[in-house]
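Asker: Residue numbers (my numbering), protein chains in the order written: chain A, 244 to 417; chain B, 590 to 1044.
If you want it as structure tokens, here you go:
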């Protein structure tokens, strides 16, 4: 009995020591930002390798807004491409999803907007030089109020050899 | 030949019946205890360690967090590719979302049924560490706890020890039940200064009483993990139409390894072409803000969708999101509340068993119960050594007339049914005792068995 009483403080110390190495309790954090502007952080950018022989492809990224006001992404450009448009898959009158250019992407206050396949994305047209995975593709985003921020998008493999708008219904309705 | 040891039978009086029952249960408690003690001690020690798995693994992973970032983070797909190159011929099994932006990525790759965790620096893409998943400290502790490092045979032994331990708690409570005690001493409080025999008896009985509920809870919540009871449980659910669509606990490492090998073997170079990439699923999973740890699994033989799963220890915070392999859009989402009520009950039981249901208090209760069980084992051993006469095992002496009442018989039958390995063991032991052990005078004498009934 005396043994266990004397050992009790040891247990408490060990216990609190271990409790100090606390594992994570909050959801996994966004990846390190590649660019920041006015409380907005841009992370996880990636440009899909254009399918064989084509000069059109899609780019994706995550926008995290930690400010109290909603922000709007209104445009994008790149010195290495003819033009970059904001696109979304929207349901048309016939119920089929079609890719459409959109004027802006809203990122809610204290919220996140994820540009991903099948949803919001950057459509990059007229890529001037051939790209390969691992290359760095410069991009500039324009937010409401003519605020611009530039960063590099890494080029990643495109396992499907297709790009946004190729699958299913129609292509780009331009 | 007249058998003088069998007096003319008259109906036993109620006190006689009680005394017989007490003696019988005491003998079972003794014999079962001899078998259980080493396993109880081992499971208590390994279990106590495993209770702190989140803290221990956080401490072990500390060197791979808050890294020096030499540039922007590389895309997840590049991190996965680097990890796949590390193990020749491996397939991508899952990606764990780093908890912080400066933490190493943990990529799980698999080859031939064996998984390896590869820690990749998110900016320099340097391989920081590669360790087979089963070799992680907590994985080894868990394998000892669940199957004694002996595969399915070990799992069976653990299940048998746990089943007998349930019997031990129940018989123990019967033995402890105060009949002639005066006051709380010897019942709720141990008598520490009444001589060493009373000391060890009270330490054993009183600790046993205090720990009984929690010990029983641990034993019962561990049953879904076992091979025999667990499979029986699944069978009953299939038969009654209450089966789960998918389970998130597995019964044996062997089964896990085989399943992994089948499911991921056609990945790698022949991967079908999907539009959504691991980068896209990772981004969507991060935006979904699930409880950590969060893992992403690619489509495979068992599941055509990408999955983002929260593996939160408390089970209640777990959410599973399925993303389409075609365009990465969310296909379905299952939270804990969406599960079948039986799965919810088993899930809560598992979380409480693992000490993850309600924070440090849960872990503390687990440790205290384990310490209580170790105390029970040590005190039982001391009692045995102090009481056992020279040259024999030291079992409580048998009653000459070995009749079992209908009530007890029914109880034994129910226990044997509910705990199948126990039932099988009872039959085996009864056969061995009747046919062999009690007929050889030296073993009968040593083991303290009753004379076999003459026909």
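Backbone N, C-alpha and C fix where the C-beta goes; we use that ideal spot for every residue, glycine too.
None of the values given here were measured: they were computed from a predicted structure.
For residue 923/B, I'd like the list of residues in its chain whose CB is within less than 6 Å of its CB, leaving aside the five on either flank, ordered along the chain.
Answerer: Indexing the second chain from 1 puts residue 923/B at position 334. If we look at residue 923/B and ignore the five residues flanking it on each side, its Cβ neighbours are 909.
Asker: So what's residue 794/B in DSSP terms, helix, strand or just coil?
Answerer: Within the second chain, residue 794/B is the residue found at index 205, counting from 1. Three-state result, residue 794/B: helix.
Asker: Sort out for me which residues DSSP pairs residue 895/B with in a bridge.
Answerer: Counting from one through the second chain, the residue named residue 895/B turns up at place 306. Note: residue 895/B sits in a beta bridge opposite 912/B.
Asker: Look at the alpha carbon of residue 651/B and the alpha carbon of residue 687/B, and state the distance between them as a whole number of angstroms.
Answerer: Taking the second chain and counting its residues from 1, the one referred to as residue 651/B is at position 62. Taking the second chain and counting its residues from 1, the one referred to as residue 687/B is at position 98. Their backbone Cα atoms lie some 12 Å apart in a straight line.
Asker: Output the boundary residues of the beta strand (DSSP E) element that contains residue 620/B.
Answerer: Mapped onto the second chain, residue 620/B falls at position 31. Unbroken run through residue 620/B is the alpha helix (DSSP H), 603-640; no beta strand (DSSP E).
Asker: Please report the Cβ distance between residue 345/A and residue 330/A, rounded to the nearest whole angstrom; I am assuming they are in contact, meaning their Cβ atoms lie under 8 Å.
Answerer: Within the first chain, the letter at position 102 stands for residue 345/A. Within the first chain, the letter at position 87 stands for residue 330/A. With a Cβ gap of about 7 Å, residue 345/A and residue 330/A count as contacting.
Asker: Of all Cβ atoms in chain A, is any one closer than 7 Å to the Cβ of residue 652/B?
Answerer: One-based indexing of the second chain puts residue 652/B at position 63. No, residue 652/B lies away from the interface with chain A (no Cβ there is under 7 Å from its Cβ).
Asker: Any idea which residues DSSP pairs residue 1049/B with across the strands?
Answerer: Residue numbering for chain B in the displayed model covers 590 to 1044; residue 1049/B lies beyond these limits and cannot be assessed.
Asker: Compare the C-alpha of residue 804/B against each of 707/B, 1024/B, 761/B and 821/B and name the closest.
Answerer: Working through the second chain from its first residue, we reach residue 804/B at position 215. The option with the nearest alpha carbon to residue 804/B is 761/B.
Asker: Looking at the secondary structure, which residues open and close the alpha helix (DSSP H) in which residue 657/B lies?
Answerer: Numbered from its first residue, the second chain carries residue 657/B at position 68. Unbroken run through residue 657/B: none, as it is neither H nor E.
Asker: Within a Cβ cutoff of 7 Å, which residues of the same chain sit near residue 866/B, ignoring the five residues on either side of it in sequence?
Answerer: Here residue 866/B corresponds to residue number 277 of the second chain, with the count starting at 1. Once the five neighbours on either side are set aside, the close Cβ partners of residue 866/B are 666.
Asker: Residue range of the alpha helix (DSSP H) that residue 733/B falls in?
Answerer: Here the question's residue 733/B lines up with position 144 in the second chain. Looking at the DSSP string, the run of the alpha helix (DSSP H) that includes residue 733/B is 726-736.
Asker: Considering just the uninterrupted stretch of the alpha helix (DSSP H) at residue 975/B, what are its terminal residues?
Answerer: For the purposes of this step, residue 975/B is taken as residue 386 along the second chain, with counting starting at 1. 949-976 is the extent of the alpha helix (DSSP H) around residue 975/B.
Asker: Could you tell me which chain A residues have their CB closer than 8 Å to the CB of residue 873/B, listed as they occur along the chain?
Answerer: Locating residue 873/B in the second chain gives position 284, counting from the first residue. Those within 8 Å of residue 873/B in chain A are 357 and 359.
Asker: Can you tell me whether DSSP reads residue 311/A as helix, strand or coil?
Answerer: As a first step, residue 311/A is located in the first chain; it is residue number 68 there, counting from the start. Three-state DSSP puts residue 311/A in coil, outside helix and strand.
Asker: Looking at residue 308/A: is its Cβ nearer than 7 Å to the Cβ of residue 283/A?
Answerer: If you number the first chain from 1, residue 308/A lands on position 65. If you number the first chain from 1, residue 283/A lands on position 40. Yes, these two residues count as a Cβ contact at 7 Å.
Asker: Could you tell me the distance, in whole angstroms, from the CA atom of residue 379/A to the CA atom of residue 398/A?
Answerer: As a position in the first chain, residue 379/A is number 136, starting the count at 1. As a position in the first chain, residue 398/A is number 155, starting the count at 1. Cα-Cα distance, rounded: 6 Å.
Asker: Cα-Cα, which of 988/B, 1002/B and 631/B is closest to residue 615/B?
Answerer: One-based indexing of the second chain puts residue 615/B at position 26. Nearest of 988/B, 1002/B and 631/B to residue 615/B, Cα basis: 988/B.
Asker: Using three-state DSSP, classify residue 1040/B as helix, strand or coil.
Answerer: What you label residue 1040/B is simply residue 451 of the second chain in a count that begins at 1. It is coil, neither helix nor strand.
Asker: Check the Cβ of residue 270/A against every Cβ in chain B and list those closer than 9 Å, keeping chain order.
Answerer: Along the first chain, one-based indexing puts residue 270/A at 27. The answer, in chain order, is 686, 688, 875, 877, 878, 879, 880, 881, 883 and 899.
Asker: Looking at the unbroken alpha helix (DSSP H) that takes in residue 675/B, where does it start and where does it end?
Answerer: Position 86 of the second chain, counted from the start, is the residue given in the question as residue 675/B. Run containing residue 675/B: 665-675, per the alpha helix (DSSP H) assignment.
Asker: Would you mind sorting residue 882/B into buried or exposed? The rule is 16 or more other CB atoms within 10 Å of its CB.
Answerer: Residue numbering aside, residue 882/B sits at position 293 when the second chain is read from its first letter. Burial call: buried.
Asker: Between residue 1047/B and residue 945/B, is the Cβ-Cβ spacing less than 7 Å?
Answerer: It is not possible to answer for residue 1047/B, since the shown part of chain B is limited to 590 through 1044.
Asker: Is it right to say residue 860/B is buried, meaning 16 or more other beta carbons lie within 10 angstroms of its own, or is it exposed?
Answerer: By 1-based counting over the second chain, the position of residue 860/B is 271. Residue confidence is low: residue 860/B scores 32 on pLDDT, short of 50, so the model does not pin down where it sits. Its coordinate-derived value is still stated next. The residue is exposed, with fewer than 16 neighbouring Cβ atoms inside 10 Å.
Asker: Between residue 289/A and residue 300/A, how many whole angstroms is the CB-CB distance? I'm expecting something under 8 Å.
Answerer: Indexing the first chain from 1 puts residue 289/A at position 46. Indexing the first chain from 1 puts residue 300/A at position 57. Contact flag wrong, Cβ pair sits at about 11 Å.
Asker: Would residue 797/B pass as an interface residue toward chain A - the criterion being a Cβ-Cβ separation below 7 Å?
Answerer: As a working note, residue 797/B is residue 208 in the second chain. For residue 797/B, the answer is no, since every Cβ of chain A falls outside 7 Å of its Cβ.
Asker: Could you name the residues of the region 661-687 of chain B whose beta carbon sits closer than 9 Å to any beta carbon of chain A, in the order they occur along the chain?
Answerer: From the region 661-687 of chain B, only 661, 662, 663, 664, 665, 666, 667, 670, 685, 686 and 687 have a Cβ closer than 9 Å to chain A.
Asker: In three-state terms, what does DSSP make of residue 275/A?
Answerer: Working through the first chain from its first residue, we reach residue 275/A at position 32. The answer is coil: DSSP assigns residue 275/A none of H, G, I, E or B.
Asker: Once the 5 residues before and after residue 961/B are set aside, which same chain residues still bring their CB inside 6 Å of it?
Answerer: One-based indexing of the second chain puts residue 961/B at position 372. Hits under 6 Å: 796 and 800.
Asker: Hey, is residue 277/A's beta-carbon within less than 7 Å of any beta-carbon in chain B?
Answerer: Locating residue 277/A in the first chain gives position 34, where the first residue counts as 1. Chain B, which has a Cβ nearer than 7 Å to the Cβ of residue 277/A, makes this yes.
Asker: How long is the line joining the alpha carbons of residue 1048/B and residue 971/B, rounded to whole angstroms?
Answerer: Outside the shown range of chain B (590 to 1044) lies residue 1048/B, about which nothing can therefore be said.
Asker: Determine whether the beta carbon atoms of residue 1027/B and residue 1038/B lie at a separation below 7 Å.
Answerer: Taking the second chain and counting its residues from 1, one reaches residue 1027/B at position 438. Taking the second chain and counting its residues from 1, one reaches residue 1038/B at position 449. Yes. Within cutoff.
Asker: Reducing DSSP to helix, strand and coil, say where residue 644/B ends up.
Answerer: Position 55 of the second chain holds residue 644/B. Residue 644/B falls in the helix class under three-state DSSP.
Asker: Just to check my reading of the structure: residue 956/B and residue 904/B have Cβ atoms closer than 8 Å, yes? What is that Cβ distance to the nearest angstrom?
Answerer: In the second chain, counting from the first residue as 1, residue 956/B sits at position 367. In the second chain, counting from the first residue as 1, residue 904/B sits at position 315. Not a contact, Cβ separation roughly 20 Å.
Asker: I want to see whether chain B comes within less than 7 Å of residue 266/A, judged by CB atoms only; does it?
Answerer: To locate residue 266/A, count along the first chain from 1; it is residue 23. Yes, because at least one Cβ of chain B sits closer than 7 Å to the Cβ of residue 266/A.
Asker: Helix, strand or coil for residue 395/A per DSSP?
Answerer: Translated into the one-based positions of the first chain, residue 395/A becomes position 152. Reduced to three states, the DSSP call for residue 395/A is strand.
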